[in-house]
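Counting from 1, position 10 in the sequence shown corresponds to residue 10 in the numbering used here; the numbering is continuous, with no gaps.
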Amino acid sequence: MLSVGVGGLAMMSLVRLLGFRTLGCGCVTGHYREVATNREVTYVEEKGSSCEYNGHRRNHTLASARVDFVSIAARAS
Numbered sequence: 001m002l003s004v005g006v007g008g009l010a011m012m013s014l015v016r017l018l019g020f021r022t023l024g025c026g027c028v029t030g031h032y033r034e035v036a037t038n039r040e041v042t043y044v045e046e047k048g049s050s051c052e053y054n055g056h057r058r059n060h061t062l063a064s065a066r067v068d069f070v071s072i073a074a075r076a077s
């Protein structure tokens, strides 16, 4: 994950994968939590071949209000 830091420089941020989801349009999203800030973000991992949404672009975030995400990550025992 890249975020913009001081002076417009791109900085790396450690994230933890919470799960994946396939949307009705065929796009696959990944849901992540930033380790340092606990902020959760959802990225389009793959765009569906029949997806018509301009906002669904590979490696771009989706607004959390538009994504009804249920984590499917398994807990380690």
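Cβ atoms here follow ideal geometry from the backbone N, Cα and C, with glycine treated the same way.
Identify whether R33 lies in helix, strand or coil by the three-state DSSP scheme.
As a working mapping, residue 33 is identified with position 33 in the sequence shown. Strand at R33.
Looking at C-alpha atoms only, which residue of H31, T37, Y53 is the closest neighbour of L17?
Sequence index remark: in the sequence shown, residue 17 carries index 17 (1-based). The candidate whose alpha carbon is nearest that of L17 is H31.
Using DSSP bridges, identify the partner residues of G19.
As a working note, residue 19 is residue 19 in the sequence shown. DSSP lists H31 as partners of G19.
For the putative contact between L62 and A36, defined by C-beta atoms under 8 Å, what is the C-beta separation to the nearest angstrom?
Sequence index remark: in the sequence shown, residue 62 carries index 62 (1-based). Sequence index remark: in the sequence shown, residue 36 carries index 36 (1-based). By a beta-carbon distance limit of 8 Å, L62 does not contact A36. Their separation comes to about 21 Å.
List the whole-angstrom C-beta distance separating C51 from G26, where the pair is believed to meet the contact cut-off of C-beta under 8 Å.
Indexing the sequence shown from 1 puts residue 51 at position 51. Indexing the sequence shown from 1 puts residue 26 at position 26. Rounded, the Cβ-Cβ distance is 5 Å, consistent with contact.
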